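Here is the structure we will look at, set down as structure tokens.
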Amino acid sequence: MTKNRIGSLFFLAFSTFYFYRVFSIKKMPGNQFEIMTASTFPFYIAITGIAISIILIILSFIEKDQAKLSLQYIKSLDLKTTLYFILAMFFYGFTMKAWGFIIATAVFLAIGFLILKEKSLKKILIISISVSVGFYLLLNNVMGVYIDAGDLIDNLVGAIS
Amino acid sequence: MMDGILLGAATAFSMYNILMVIIGCFAGTFIGMIPGLGPISAIALMIPITYGMDPSSGLILISGVYYGAIFGGSTSSILINAPGVAGTVATSFDGYPMAQKGQAGKALAIAAYASFSGGTIAAIFLLIAAPALASVSLSFQSSDYFALMVLGLTAVAAFAGKGKFLKAAIMTIFGLMLATVGTDSDSGIARFTFGRMDLIDGISFLLLAMAAFALSEALMNVLENHKVSKQEEDELKKDIGTLKLTKQEVKEIIPTIGRSSVLGFFVGVLPGAGATIASFLAYGMERSFASAKDKLGFGKGSLKGLAAPESANNAACTGSFVPLLTLGIPGSGTTAIILGALLSYGIQPGPTMYIDNPALFWSVIISMYVGNFVLLVLNLPLIPYIAKLLAVPKQLLLPLIMFFSLVGVYLVTFNNFDIYMMTTFAVVALFLRIVDFPMAPMILGFILGGMMEDNLRRALTISDGSISFLWERPITLSILILTIVLLLMPLISEFLAKMKKRKES
């Protein structure tokens, strides 16, 4: 299938879903007297989106020289590593509140380096810990942007002091 | 007026105030480089420091921070494709490809020269015509703004190669759709929030820009996993920190810088328009002016494509001081913070400010020029070192880029839902990149969407629902005619080229 057709089908689906959702935008009493309501602009852009997607799909059948998404290209992609990274980012979001900034960041960076096959464990530990601690100190102590270090770190610092 | 200018010059060139400009530019550049901390955060951080200062020195420091932060934002756009500020999105279109080609130093140098020139030209304009321009900015009404937004959207033509206009158009629509998520500014009704409180404020620009550019670029690098040989890598890194521009290259970008600076300044004068529209318009205009051969280079590391938005966004920053200082109207979020600072000093900006407080008014304007000069002197020697960032091995650099992008967005709201949403957008952006749909029009549509809807609603209300507002006001009509001309320009030039060919044969 051509790249244009795949993209256009995606936008047709998205625009149709968006168009469907336009009708669930609440109406205020007296809306009928309004020149432009909360759903007017979305309504017209949804219709434009659907129209352009359909034109693109039709063109993808008419024009012969369009680029194709080849199986060879898909096979050459490193899908496994990319998926690991996407999961790592979701995991980072999840751990940010639970573990606090310093630990969550250090773990995310270490996982990232490991996924990309960095071999030196010493380098991984030094960079991940120094970046997370350094950035935390920079934000909290220099720029005055408060960011939660995490309960574990807070308790540790409290116990030491 | 001359007395006021001389008084302002004496204040601006005092040792203390020059030191303030230097500190401001340095701090601003540093803060601006961190995604998520744009000029608004940088200025907000500086306000408590300026409380104990004389109003002129405080405002001079704040202005320096403003410029510095915009320049710092360009640096992260060029080096890691992470535009932390809307005004530097267009910088990444050609700046990042240049950095990818091993010309990071040159790209940063062009950004510095263009910013300096844009700021300088705009400062001169400001010096000459600030009070007079105030009336121009007041004469703009909602219908004119709507037309200006439509003109801004025509910049999508600049991102559309031959036969790709419809792809750019659907991406713009996609951006407009995303801009409608959240609470409707007029009625207060929630739209497309699916009952989630996290979406009630809409999607933030930073989140979308970071996901579409920085994160998806990093993921694309992981996905395609290009193995570069040691020899190729050495070749790429050889000139990474070089700032040298050839005579030919300088000649090429001078007219671009001139045109874009003037355009940027005048767009900046209009409240609400600002550096973002200025940079996109300048990019679009340059592409329209370029020869057929040069056009192909846009988006792939064109010098003109980098110089245009850079000079325009700096000129617009200077221009945005016109409505602020002469009318007391903040044209952007950043100038609103500056207005707050002025009020805290007990100064009410307005038409009489340059008569009541000439030292403050003119010293700020003159210090803008000094600030631009300081930025250039301060940043040029640092460029080779900043550019070396790209020499960090890929297995270390990519997770760091992802970290800075994610945390930059997290810092704004401290809501981990934003990290999930950003990752999801990055995956969608990755898919769209694979199928060759351009990201820039989506960002353009997103930025202009909200403003466009608000101004359309206002214009329709004023004209009682009639679309006659499109042709009733001369400013609106002129802008719309310009829009049509710009849209038809590729067709006209193609037609003219065909005619010329026919004549020759």
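Just so you know, the sequences run in chain order A and B. Per my numbering, the very first residue in the first sequence carries number 4; after that it's consecutive. Per my numbering, the very first residue in the second sequence carries number 5; after that it's consecutive. Using N, Cα and C, we set each Cβ at its ideal position, and we do this for glycine too. Just so it is clear, the structure is predicted and the values come from calculations on it, not from any experiment.
Q. For A172 (chain B) versus P442 (chain B), is the C-beta distance shorter than 8 angstroms?
A. Residue mapping note: residue 172 (chain B) aligns to position 168 of the second sequence, counting from 1. Residue mapping note: residue 442 (chain B) aligns to position 438 of the second sequence, counting from 1. Yes.
Residue-level contact to chain A via CB, A86 (chain B), 8 angstroms cutoff: For the purposes of this step, residue 86 (chain B) is identified with residue 82 of the second sequence, where counting begins at 1. A86 (chain B) does not count as touching chain A.
Against T51 (chain A), what residues of chain D qualify as contacts under a CB-to-CB distance less than 7 angstroms, listed in chain order? The displayed structure is made up of protein chains A and B, and chain D is not among them.
- Can you list the residues of chain B that I130 (chain A) reaches, using a CB-CB cut of under 7 angstroms? The count along the first sequence starts at 1 and reaches residue 130 (chain A) at position 127. Those are L400, listed as they occur along chain B.
Requested in this report: Let me know the secondary structure DSSP gives K71 (chain A) once reduced to three states.
Outcome: In the first sequence, counting from the first residue as 1, residue 71 (chain A) sits at position 68. Note: K71 (chain A) maps to strand in three-state DSSP.
field: Contact under 8 angstroms by Cβ, G156 (chain B) with F284 (chain B)
entry: One-based indexing of the second sequence puts residue 156 (chain B) at position 152. One-based indexing of the second sequence puts residue 284 (chain B) at position 280. Yes, they are a contact pair.
*Selection from B:G453, B:M426 and B:T417 that minimises the alpha carbon distance to I150 (chain A)*: In the first sequence, residue 150 (chain A) corresponds to position 147, counting from 1. Answer by Cα proximity: B:T417.
Item to complete: Let me know the secondary structure DSSP gives R195 (chain B) once reduced to three states.
Response: Residue 195 (chain B) sits at position 191 when you count from the first residue of the second sequence. R195 (chain B) falls in the strand class under three-state DSSP.
### Query
What are the start and end residues of the alpha helix (DSSP H) that includes Q399 (chain B)?
Position 395 of the second sequence, counted from the first residue, corresponds to residue 399 (chain B). Its alpha helix (DSSP H) spans residues K398 to T417.
The ligand ADP heavy atoms versus the CB of C29 (chain B): any closer than 7 angstroms?
In terms of ligand content, the structure shown is empty, and the ligand ADP therefore cannot be addressed.
Minimum C-alpha distance to F17 (chain B) - residue among B:N419, B:L400, B:A363 and B:L247:
Here residue 17 (chain B) is taken as the residue at index 13 of the second sequence, counted from 1. For F17 (chain B), the nearest C-alpha among the options comes from B:A363.
### Message
Less than 8 angstroms between the C-beta atoms of A463 (chain B) and S147 (chain B), yes or no?
### Response
Taking the first residue of the second sequence as position 1, residue 463 (chain B) is located at position 459. Taking the first residue of the second sequence as position 1, residue 147 (chain B) is located at position 143. Contact flag set, yes.
In terms of DSSP beta bridges, what is T187 (chain B) paired with? Residue numbering aside, residue 187 (chain B) sits at position 183 when the second sequence is read from its first letter. T187 (chain B) is bridged to B:A194.
_According to DSSP, T5 (chain A) sits in a beta bridge with which residue or residues?_
Counting from one through the first sequence, the residue named residue 5 (chain A) turns up at place 2. Beta-bridge partners of T5 (chain A) (DSSP): A:K71.
Quick check on Y21 (chain A) - is its C-beta less than 8 angstroms from some C-beta in chain B?
Start at 1 with the first residue of the first sequence, and residue 21 (chain A) comes out as number 18. So yes, Y21 (chain A) belongs to the interface.
For this session: Just the chain B side, please: which residues come within less than 8 angstroms of A41 (chain A) by C-beta, in chain order?
Result: Numbered from its first residue, the first sequence carries residue 41 (chain A) at position 38. Here the neighbours are D188, D190, S191, I193 and R195.
For this session: Write down the C-beta distance between L210 (chain B) and V413 (chain B) rounded to the nearest angstrom, noting that I regard them as a contact closer than 8 angstroms.
Result: The residue labelled residue 210 (chain B) in the question sits at position 206 within the second sequence. The residue labelled residue 413 (chain B) in the question sits at position 409 within the second sequence. About 6 angstroms separates the two Cβ atoms, so the contact holds.
Item checked: Span of the alpha helix (DSSP H), counted from its first residue to its last, around M224 (chain B) -> Here residue 224 (chain B) corresponds to residue number 220 of the second sequence, with the count starting at 1. It spans S220 to E228 - the alpha helix (DSSP H) in which M224 (chain B) sits, taken as one unbroken run.
Check your understanding: If G76 (chain B) sits next to M37 (chain B), beta carbons under 8 angstroms apart, how far is it from one beta carbon to the other, in whole angstroms?
Key -> Locating residue 76 (chain B) in the second sequence gives position 72, where the first residue counts as 1. Locating residue 37 (chain B) in the second sequence gives position 33, where the first residue counts as 1. Their Cβ separation, rounded to whole angstroms, is 4 angstroms, which keeps G76 (chain B) and M37 (chain B) in contact under 8 angstroms.
Reduced DSSP category for L117 (chain A) - H, G, I as helix; E, B as strand; rest coil: In the first sequence, residue 117 (chain A) corresponds to position 114, counting from 1. DSSP places L117 (chain A) in helix when its eight states are reduced to three.
* Asked: Quick one: is Y139 (chain A) near chain B, going by C-beta distance under 8 angstroms?
  -> For the purposes of this step, residue 139 (chain A) is taken as residue 136 along the first sequence, with counting starting at 1. It does not; no Cβ of chain B falls within 8 angstroms.
Please report the residue range of the alpha helix (DSSP H) in which P59 (chain B) lies. Taking the first residue of the second sequence as position 1, residue 59 (chain B) is located at position 55. From DSSP, the alpha helix (DSSP H) with P59 (chain B) extends over P59 to I84.
| Option in B:A48, B:Q107, B:K304 and B:A113 with minimal Cα separation from L379 (chain B) | Counted from its first residue, the second sequence places residue 379 (chain B) at position 375. Selected option, being the one with the closest Cα: B:A113.
* Asked: Can you list, in chain order, the stretches of the alpha helix (DSSP H) that have 4 or more residues and sit fully within the region 447-493 of chain B?
  -> 473-476
What do you reckon, are the CB atoms on I66 (chain B) and A345 (chain B) nearer than 8 angstroms?
One-based indexing of the second sequence puts residue 66 (chain B) at position 62. One-based indexing of the second sequence puts residue 345 (chain B) at position 341. Against a cut-off of 8 angstroms, the Cβ pair of A345 (chain B) and I66 (chain B) comes out as a contact.
- Message: Along the chain, where does the alpha helix (DSSP H) containing R291 (chain B) start, and where does it finish?
- Response: For the purposes of this step, residue 291 (chain B) is taken as the residue at position 287 of the second sequence. Start and end: G278 to F293.
Residues that M446 (chain B) contacts on chain A, provided the C-beta gap is smaller than 9 angstroms: Residue numbering aside, residue 446 (chain B) sits at position 442 when the second sequence is read from its first letter. What M446 (chain B) touches in chain A: nothing, since even the nearest Cβ is about 11 angstroms away.
Whose Cβ in chain A lies nearer than 7 angstroms to the Cβ of E457 (chain B)? Your numbering for residue 457 (chain B) matches position 453 in the second sequence. The answer, in chain order, is F44.
**Asked** Does DSSP classify K83 (chain A) as helix, strand or coil?
**Response** In the first sequence, the residue the question calls residue 83 (chain A) occupies position 80. Reduced to three states, the DSSP call for K83 (chain A) is helix.
Assuming I60 (chain A) is part of the alpha helix (DSSP H), what are its boundary residues? Position 57 of the first sequence, counting from 1, holds the residue named residue 60 (chain A). It spans T43 to I65 - the alpha helix (DSSP H) in which I60 (chain A) sits, taken as one unbroken run.
query: Of the residues B:I257, B:T428, B:S45 and B:G206, which one's Cα is nearest the Cα of E290 (chain B)?
result: As a working note, residue 290 (chain B) is residue 286 in the second sequence. Measuring C-alpha to C-alpha distances from E290 (chain B) to each of B:I257, B:T428, B:S45 and B:G206 identifies B:I257 as the nearest.
What does A70 (chain A) touch in chain B if you count any residue whose Cβ is under 7 angstroms from its own?
Residue 70 (chain A) sits at position 67 when you count from the first residue of the first sequence. Going along chain B in sequence order, the residues near A70 (chain A) (Cβ under 7 angstroms) are D440.
- Inter-residue CB distance, L170 (chain B) and L59 (chain A) (contact presumed, cutoff 8 angstroms): Stepping through the second sequence from its first residue, residue 170 (chain B) is reached at position 166. Stepping through the first sequence from its first residue, residue 59 (chain A) is reached at position 56. About 5 angstroms separates the two Cβ atoms, so the contact holds.
- request: Figure out for me which residue from B:S143, B:A216, B:A127 and B:D298 has the closest Cα to the Cα of Y373 (chain B).
  value: By one-based count along the second sequence, residue 373 (chain B) stands at place 369. Ranking B:S143, B:A216, B:A127 and B:D298 by Cα distance to Y373 (chain B) puts B:A127 first.
Secondary structure of N361 (chain B), DSSP reduced to three states:
In the second sequence, the residue the question calls residue 361 (chain B) occupies position 357. The answer is coil: DSSP assigns N361 (chain B) none of H, G, I, E or B.
(message) So I387 (chain B) and L474 (chain B) are supposed to be a Cβ contact under 8 angstroms. How far apart are they, rounded?
(response) As a working mapping, residue 387 (chain B) is identified with position 383 in the second sequence. As a working mapping, residue 474 (chain B) is identified with position 470 in the second sequence. Actually they are not in contact, since the Cβ atoms of I387 (chain B) and L474 (chain B) sit about 47 angstroms apart, beyond 8 angstroms.
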